[in-house]
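Comments concern the structure below.
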Amino acid sequence: MSVSPFCLTISLHAQQAHLSWVNFGSELNDKLEQVSKSRLLAEQTKLTFFRLFNLKNLGNLYSIV
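If you use the working numbering, the sequence shown corresponds to residues 260 to 324, in order.
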């Protein structure tokens with residue numbers, strides 16, 4: 260039983276498209292992970308800033324009293 264070259268070509272293109280889609284999904288997942296890490300770092304930085312700011316204000320209150 261022989262397979263036509265047309266069917267082989269379609270099959271090859273389908274496999275390549277599937278691999279491209281898997282690769283795209285993997286890259287997208289990596290980018291989303293980077294964004295998530297960046298957001299976490301930004302949130303941690305913001306919290307640290309507010310803690311330091313509040314400690315400074317607390318120190319100013321003690322100096323007034």
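Ideal placement from N, C-alpha and C gives every residue a C-beta, glycine not left out.
Task: Through-space distance from residue 304 to residue 286, alpha-carbon basis - done: If you take the alpha carbons of residue 286 and residue 304, they lie about 27 Å apart.
Open item on the list: Could you compute how far the alpha carbon of residue 271 sits from the alpha carbon of residue 280?
Closed with: 14 Å
- [ ] Would you kindly work out how many angstroms separate the C-alpha atoms of residue 261 and residue 291, rounded to a whole number?
- [x] 45 Å
Task: DSSP state of residue 261 mapped onto helix, strand, coil - done: coil
Task: residue 311 versus residue 282: straight-line alpha-carbon distance, rounded - done: 43 Å
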